[in-house]
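All the letters of the sequence shown, read from the start, carry residue numbers 1 to 294 under the UniProt record's numbering. By construction, the Cβ of each residue, glycine as well, lies at the ideal position given by its N, Cα and C atoms. A quick note: this is a predicted structure, and the numbers were derived from the prediction, not measured. Below: the structure, in structure tokens.
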Amino acid sequence: MSTHTTKLEEIKALIQAEQTMADKRTKEEILEEIRQEDATKDVPINSAVAIAVLSGVASVAGTVACLSIGFLEIYRQDVIAFWMACIPFCFPFITGISIAYRKKLSCVGVHVSLLLATLLTGGAGYGYSIEPVFINRKNCKIVSEDRGNCDKETLLYLYITNGGIALGFTVIGLIYSLLICRCATKRRHNREVNEHMEHEKQAELQKRASRRSHEKVTYVPAWPGSYVAHPQATAATKTEASNGDLNAAKRLSSDQPQVDHKVDSGQPIPNKEQPSNKDNQTSEPKTGDATTHL
């Protein structure tokens, strides 16, 4: 029993070790996929998440400020319509999420434009609402007698605090987005340069491969001692083949009988090995005699 239990424990330990190794491999593969995908984007993933967080905090703070001033309108008649002052701070969250999702330079440009518009409208509205809402809070009027005191400090401080947070995070988000825009521009330029260099490298490798394929020569035997080069042969190999043909021709010419071309009185001297015309005439049968004999 003890040996059986020890074997089971060893098997369980092996299974757990394999599972942990598989989990590590899957985590490493996931991280590698994330790195490869991040290399193809204009904005790094960390910067995109930071922009989304900054815009999200500004949007949440702006929403809380709008709600607090909206509840304050129940008790005070002099703060009507001031809840719209912090509405512009809610919109940059949309473009921040788009940056975190797409990581494109165009999304950063849209986000920067929206942040500028938010600072112009939301900042102006929030700055204008501070005096009537917070500074002149003692001059409030009761909407109805059963609602009690109109000086609601909790709502006032919520509005002032959240409005300031929204404005501050919007400014920080704008500065950070401008820096990321510059970084994304450089990153896109470097990626385009690397892609161009890689394309040129591949083209050069293809050219080298084509040159090597053209340099390969195949010979077809025409007769013993001579070869005919393939049409794709280079000039050097063709000259070598022609030299081989010349050597073969020389060998054939050396096998044939030689003729002495010495000149005596302007007439060539026949070789001794060749028979004379008289011998040719004597050796040839006379057709006339044969016919007469017959």
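Distance between beta carbons of residue j and residue i, contact taken as under 8 angstroms
i: Leu54; j: Ile172; result: 6 angstroms
i: Ala58; j: Ala100; result: Ala58 to Ala100, Cβ: 15 angstroms. No contact.
Exposed unless 16 or more other CB atoms sit within 10 angstroms - verdict on residue i
i: Lys138; result: exposed
i: Val193; result: exposed
i: Asn162; result: buried
i: Ser177; result: buried
i: Ser213; result: exposed
i: Leu167; result: buried
i: Gly122; result: buried
i: Arg208; result: exposed
i: Lys186; result: exposed
i: Lys152; result: buried
i: Ala233; result: Because the pLDDT at Ala233 is just 46, under 50, the model does not fix this residue reliably, and the value given afterwards should be weighed accordingly. Label assigned to Ala233: buried.
i: Ala13; result: exposed
i: Ala65; result: buried
i: Ala203; result: exposed
i: Ala17; result: exposed
6 angstroms CB neighbourhood of residue i in its chain, flanking five on each side removed
i: Ala236; result: Confidence in Ala236 is poor, its pLDDT being 48 and thus under 50, which makes the residue's placement too unreliable to answer from.
i: Ser129; result: Phe82 and Ala85
i: Gly96; result: Ile51, Ala52 and Ser55
i: Ile80; result: Glu73
i: Thr20; result: none
i: Ile45; result: Asp38
Chain-order list of residues whose beta-carbon lies under 7 angstroms from that of residue i (same chain, five-residue window excluded)
i: Gly70; result: Trp83
i: Thr63; result: Cys90
i: Ala184; result: Asp42, Val43, Leu105 and Val108
i: Gln258; result: Bear in mind that the predicted position of Gln258 carries a pLDDT of just 49, short of 50, making it too unreliable to give a figure here.
i: Ser98; result: Cys107
Spatially closest choice to residue i from the options, by CA coordinates
i: Ala39; options: Thr170, Ala61, Arg102 and Glu18; result: Arg102
i: Leu134; options: Tyr159, Glu198 and Leu14; result: The sequence as given places Phe at residue 134; Leu does not occur at that position. Selected option, being the one with the closest Cα: Tyr159.
i: Lys104; options: Gln202, Leu72, Glu10 and Ile180; result: Ile180
i: Val110; options: Tyr126, Phe93 and Gly125; result: Phe93
i: residue 295; options: Pro88, Glu9 and Glu28; result: Look at the range of the chain in this structure, 1 to 294, and you will see that residue 295 is not part of it.
i: Thr170; options: His196, Tyr126, Gln206 and Asn190; result: Tyr126
i: Lys154; options: Gln206, Leu67, Val49 and Glu131; result: Note on identity: in this sequence residue 154 is Thr, with Lys being the wrong assignment. The candidate whose alpha carbon is nearest that of Thr154 is Leu67.
i: Tyr75; options: Leu156, Glu198 and Arg191; result: Leu156
i: Asn136; options: Glu29, Asp78 and Lys201; result: Asp78
i: Arg182; options: Gln206, Glu200, Ser47 and Glu204; result: Ser47
Contact set for residue i: own chain, Cβ-Cβ below 8 angstroms, skip 5 residues either direction
i: Arg211; result: none
i: Leu174; result: Val112, Leu115, Leu116 and Leu119
i: Glu28; result: none
i: Pro132; result: Asp78, Val79 and Phe82
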